[in-house]
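Trainee:
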Amino acid sequence: MFSLLASMIKRLITAISTPFRMLIVRVQRMLNINVISAKLIQPLTKNVKKLMSLRPSEKSDYIKVGRFLVFKQLLALIILAACAGVFIYFQMFASQIETAPVSLTGIKTDITFRYDDIEIKNFTGIANIRSFDGGIVYTGEIVGGVCKGNGLLYARDGGIVYEGGFDNNRYNGYGVKYGAEGKVEYEGEFADNLYHGIGKLYNAKGTLLYSGGFAAGLHDGGGRIYDENGGLVYEGMFAAGESHGTGTQYYPGGALYYRGEFFEGAFQGIGELYDKSGRLLYTGAMHGGKINYQALVGATLADVEAAFSEPPGIYYQEDGNSCFFYEKAGVVVTTDCRVKVHEWEREKENPSDGYYYMPEESVPGWDSSDLNEGVTEYEQIPEPDGVIPVLSRYAGLSVVPMNWVAIDPYNPDSSSESSSESSSSSSSSSSSSSSPSISSDTTGSSSEAAAGAVSGSESKTDNGNGMPDFIEKTKQLYFEIDKDVWQPEQELDKTKVLVKRVTVIDSMPPPETGMTPIEDNGPPVVEDCVAIDRIRRQAPTAFADVMYEIDKQNKLFQRVWSINYADRIIRRAFIADDVTWRFCYQPDNSEIPAYYSIEAQ
């Protein structure tokens, strides 16, 4: 009986409520955001398509502007594009107006509580809180007896310490923290009294030091660091207060210093290193804030040249090792190739060697233009002793002997043989880089006469190679990439040339902690000479007991020779991770290495 009655009541309620539920459904459909959007977008889409079609069909599609008829849809499209352009500019390119908290210094209230007043626990609203000595230390919003909302915190002397958001008596939300003299120390977001979120740090003078993200009081996320003068020092990612991730560091003055990966405040990973003028020096692996020199050991010469942007100076020992000096980076890379040098004279226009021809000043009215004017007769040049006769098509030329000497650099004593011939030649003989096949004999063939000392009153300027400036010498380096397999420098397969040692001059070495010491009393080698030569440019007396010679006439490559193998360099050698480290010291400074080298075992 009761179940039947309940069923009848239920059906009655359903019958009465059904129309209302249908009405509610209809209202919900009408107010549904998707339905509303579809109804609005459909005609808008139709109008936009019509606008984009730009196809006038009748006169009413135009509007008269002065003497011109302008298509309405085109005009509307231009206005729409201009508005979109302004919006995009301000959203993406224009500097954003920085938000700042509304100043609360004008808050006034007559309600005041002492800091230990029990009644404050039941208060909600704006009130003052006094300290034990009677001074107001807080003015702002209070909820249930605690500072929550916006408020001002004062020091005992009345200066503002903080203004901004509070929660549970702590700085939370956006606020400004002030220093001892009332200048802004930090402005931005807080969480439980710590910098957290986006904010800016300032020094006591009000200069911006950092802007960007914070987490638990430390730099975190993207940000920028500035120096005391406001110059940008670093921009990029941070973690736990240190540069970490990708970023860019600058020299004082703003020039780009490094761009790439950072790890716990140091350059580490892949990056680009620049000199102070902004020129790229190196692209590659970094470690501990500097170039990962250890990664260069065992690499190919092709890899090294791809990493360093500057062209290297090439130093070699005849039939010995070669090294490539990247001077701006302060790195000497020693390869495992033997090197030889081939030298020859370029072809001369005049087949006569040992003499050159000058216009006779005694010829009246002679002019250089005469060389190009209708001279058809060949004139027999007087034949000097020991020289093949040469015909000249130019009248008025005389044979002048050359007053120079070519010295064999591999036989320095050869300079004494020619000292009586010419005083001007002796000054260049000690550093000449001529081929050892050149002879100073003046009585041989024409080619020998070209290199010989010929007496005479005329002289010609020396070009720094022991040769007159009109004699061009060609030198070619050959590298032994395999046993008895030699390749010239231009055709060198640099992927087959391996780096066996890296010498570093301008960078501090790693600590010796964890390294196993070993004995090392070896004599100087070619990379030692290159490093010492660089150091001597700043300190000429450095390594005074180390003797060697470097031929510096050729700017492309230079020969290191006469190394005194009896000399010794003070070294401390260690082994760590199958790598030999050699720290080299000057005799009067055994604490700081002058340079160091890394070599795989």
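Read in order, the letters of the sequence shown correspond to residues 13 to 613 in our numbering.
Where a beta carbon is used, it is the ideal one built from N, C-alpha and C, also for glycine.
Quantities reported herein were computed from a predicted structural model and do not represent experimental measurements.
(1) So, at 8 Å on beta carbons, what are the nonlocal neighbours of ALA612 in its own chain, with the 5 sequence-adjacent residues on each side left out?
(2) In angstroms, rounded to a whole number, what distance separates the CA positions of ARG584 and LEU510?
(3) Using only CA atoms, which one of ASP239, GLY283, ALA278 and GLU273 lies nearest to GLY265?
(4) I'd like to check one pair, GLY200 with GLY209: are the Cβ atoms closer than 8 Å?
(5) Taking 8 Å as the threshold (C-beta atoms), are GLY243 and GLY234 in contact?
(6) Going by beta carbon distance, what residues of the same chain come within less than 8 Å of ARG142, once the five residues before and after it are set aside?
(7) GLN499 and PHE491 - do their beta-carbons sit closer together than 8 Å?
(8) From GLU355 to THR515, what distance separates their C-alpha atoms?
(9) Does the count of Cβ pairs from the region 267 to 275 and the region 312 to 326 closer than 8 Å reach three?
(10) Could you tell me which of VAL537, GLY526, ARG236 and GLY229 sits nearest to ALA252, measuring between CA atoms?
(11) Leaving aside the five residues before and after ILE21 along the sequence, list all residues of the same chain whose C-beta is less than 6 Å from its C-beta, in chain order.
(12) Taking the C-alpha atoms as reference points, what is the distance between ASN333 and ARG594?
(13) Please state if the CB of THR553 and the CB of THR312 are separated by a distance shorter than 8 Å.
(14) Could you pull out every unbroken beta strand (DSSP E) segment of at least 3 residues lying fully inside the region 512 to 559, listed in chain order?
(15) What distance in whole Å lies between the Cβ atoms of VAL538 and GLN329, which are believed to be in contact at a cut-off of 8 Å?
(16) I'd like the list of long-range same chain contacts for TYR174, defined as Cβ closer than 8 Å, with 5 residues on each side in sequence excluded.
(17) If you drop the 5 nearest sequence neighbours on each side, which residues of the same chain put their C-beta closer than 7 Å to that of ASP518?
(18) Over the uninterrupted beta strand (DSSP E) stretch that includes LEU220, give me the two end residues.
(19) For LEU206, I'd like the list of residues in its chain whose CB is within less than 6 Å of its CB, leaving aside the five on either flank, ordered along the chain.
(20) Evaluate PHE555 with the Cβ neighbour count: other Cβ atoms within 10 Å of its Cβ, from every protein chain shown; 16 or more gives buried, anything less gives exposed.
(21) Assuming ILE75 contacts LYS84 under a Cβ cut-off of 8 Å, what Cβ separation, rounded to an integer in Å, is found between them?
(22) Cα separation between TYR246 and PRO522?
(23) Please tell me whether ILE582 and SER602 are closer than 8 Å, where the distance is taken between their beta carbons.
(24) Since I believe TYR269 is in contact with GLN261 (beta carbons under 8 Å), could you give me their beta-carbon distance rounded to a whole number of angstroms?
(25) Within its chain, find whatever has a CB closer than 6 Å to the CB of LYS133; leave out the 5 residues flanking it on each side and keep chain order.
(26) Grab the span of the alpha helix (DSSP H) containing VAL3 for me, first residue to last.
(27) In three-state DSSP terms, what is ASN134?
(28) Classify ILE130 as buried or exposed, calling it buried when 16 or more other Cβ atoms lie within 10 Å of its own Cβ.
(29) Check this for me: beta carbons of ILE326 and LEU568, under 8 Å apart or not?
(30) So the candidates are GLY248, ALA139, PHE226 and THR258; which of them puts its Cα closest to the Cα of ALA203?
(31) What separation, rounded to the nearest whole angstrom, lies between the Cα atoms of GLY78 and TYR101?
(32) Here's the rule: buried if 16 or more other CB atoms are within 10 angstroms of the residue's CB, otherwise exposed. What is ASP169?
(33) Taking the beta carbon of GLY478 as the centre, do at least 16 other beta carbons fall within 10 Å, making it buried, or is it exposed?
(34) From the DSSP output, read off the bridge partner residues of GLN261.
(35) Going by the CB atoms, is the gap between ALA267 and TYR290 shorter than 8 Å?
(36) Determine the closest residue to PRO535 out of ILE575, TYR338, GLY301 and VAL353, with distance taken between C-alpha atoms.
Mentor: The structure says:
(1) Indexing the sequence shown from 1 puts residue 612 at position 600. Hits under 8 Å: VAL309, GLY310, LYS512, ASP590, VAL591 and THR592.
(2) Numbered from 1 along the sequence shown, position 572 holds the residue referred to as residue 584. Numbered from 1 along the sequence shown, position 498 holds the residue referred to as residue 510. Rounded to the nearest angstrom, the two C-alpha atoms are 25 Å apart.
(3) Residue mapping note: residue 265 aligns to position 253 of the sequence shown, counting from 1. It is ASP239 whose Cα lies nearest to the Cα of GLY265.
(4) As a working note, residue 209 is residue 197 in the sequence shown. As a working note, residue 200 is residue 188 in the sequence shown. If you check the CB distance, GLY209 and GLY200 come in under 8 Å.
(5) On the sequence shown, residue 234 is found 222 positions in, with the first residue counted as 1. On the sequence shown, residue 243 is found 231 positions in, with the first residue counted as 1. The answer is no: Cβ separation not under 8 Å.
(6) By 1-based counting over the sequence shown, the position of residue 142 is 130. Closer than 8 Å at the Cβ level, and outside the excluded window around ARG142, lie THR124, PHE125, ARG126, TYR127, ILE148 and VAL149.
(7) Working through the sequence shown from its first residue, we reach residue 491 at position 479. Working through the sequence shown from its first residue, we reach residue 499 at position 487. For PHE491 and GLN499, yes; Cβs fall inside 8 Å.
(8) The residue labelled residue 355 in the question sits at position 343 within the sequence shown. The residue labelled residue 515 in the question sits at position 503 within the sequence shown. Answer to the nearest angstrom: the Cα atoms are 29 Å apart.
(9) no
(10) In the sequence shown, counting from the first residue as 1, residue 252 sits at position 240. The candidate whose alpha carbon is nearest that of ALA252 is GLY229.
(11) Residue 21 sits at position 9 when you count from the first residue of the sequence shown. Cβ neighbours of ILE21 beyond the five flanking positions: none.
(12) Along the sequence shown, one-based indexing puts residue 333 at 321. Along the sequence shown, one-based indexing puts residue 594 at 582. Cα to Cα, the separation comes out at about 19 Å.
(13) The residue you call residue 312 lines up with position 300 of the sequence shown. The residue you call residue 553 lines up with position 541 of the sequence shown. Result no, Cβ atoms of THR312 and THR553 do not sit closer than 8 Å.
(14) Correct list: 528 to 530.
(15) Numbered from 1 along the sequence shown, position 317 holds the residue referred to as residue 329. Numbered from 1 along the sequence shown, position 526 holds the residue referred to as residue 538. With a Cβ gap of about 5 Å, GLN329 and VAL538 count as contacting.
(16) For the purposes of this step, residue 174 is taken as the residue at position 162 of the sequence shown. Same-chain partners within the cutoff: LEU164, LEU165, TYR183, GLY187, VAL188, LYS189 and TYR190.
(17) For the purposes of this step, residue 518 is identified with residue 506 of the sequence shown, where counting begins at 1. For ASP518, where only same-chain residues beyond five positions count, the Cβ hits under 7 Å are GLY342.
(18) Locating residue 220 in the sequence shown gives position 208, counting from the first residue. 220 to 227 is the span of the beta strand (DSSP E), which, as asked, contains LEU220.
(19) Here residue 206 refers to the residue found at position 194 when the sequence shown is read from its first residue. Closer than 6 Å at Cβ, skipping near neighbours: ALA228 and GLY229.
(20) Along the sequence shown, one-based indexing puts residue 555 at 543. It counts as buried.
(21) On the sequence shown, residue 75 is found 63 positions in, with the first residue counted as 1. On the sequence shown, residue 84 is found 72 positions in, with the first residue counted as 1. Right, the Cβ-Cβ distance comes to about 5 Å (below 8 Å), so this counts as a contact.
(22) The residue you call residue 246 lines up with position 234 of the sequence shown. The residue you call residue 522 lines up with position 510 of the sequence shown. Distance between the alpha carbons of TYR246 and PRO522 is about 24 Å.
(23) Residue numbering aside, residue 582 sits at position 570 when the sequence shown is read from its first letter. Residue numbering aside, residue 602 sits at position 590 when the sequence shown is read from its first letter. In contact: ILE582 and SER602 (Cβ atoms closer than 8 Å).
(24) Translated into the one-based positions of the sequence shown, residue 261 becomes position 249. Translated into the one-based positions of the sequence shown, residue 269 becomes position 257. Between TYR269 and GLN261 the Cβ distance is about 5 Å, and since that is below 8 Å, they are a contact.
(25) As a working mapping, residue 133 is identified with position 121 in the sequence shown. Cβ neighbours of LYS133 beyond the five flanking positions: GLY157.
(26) With the chain represented from 13 up to 613, any question about residue 3 goes unanswered, as that position is not in the structure.
(27) Locating residue 134 in the sequence shown gives position 122, counting from the first residue. Helix.
(28) Here residue 130 is taken as the residue at index 118 of the sequence shown, counted from 1. By the 10 Å Cβ count, ILE130 comes out exposed.
(29) Looking up residue 326 in the sequence shown gives position 314. Looking up residue 568 in the sequence shown gives position 556. Cβ atoms of ILE326 and LEU568: closer than 8 Å.
(30) On the sequence shown, position 191 is the one that residue 203 refers to. When only C-alpha atoms are compared, the closest one is PHE226.
(31) As a position in the sequence shown, residue 78 is number 66, starting the count at 1. As a position in the sequence shown, residue 101 is number 89, starting the count at 1. One C-alpha to the other measures close to 32 Å.
(32) Locating residue 169 in the sequence shown gives position 157, counting from the first residue. Answer is exposed; the Cβ neighbour count stays below 16.
(33) Locating residue 478 in the sequence shown gives position 466, counting from the first residue. With a pLDDT of 46 at GLY478, under the threshold of 50, the predicted position of this residue should be treated as unreliable, though the coordinate-derived value follows. When all chains shown are included, GLY478 counts as buried.
(34) Locating residue 261 in the sequence shown gives position 249, counting from the first residue. Answer is TYR246 and TYR270.
(35) Position 278 of the sequence shown, counting from 1, holds the residue named residue 290. Position 255 of the sequence shown, counting from 1, holds the residue named residue 267. With the sequence shown as reference, residue 290 is identified as Gly, and Tyr is not the correct amino acid for it. Result yes, Cβ atoms of GLY290 and ALA267 sit closer than 8 Å.
(36) Counted from its first residue, the sequence shown places residue 535 at position 523. When each option's Cα is compared against that of PRO535, the closest is ILE575.
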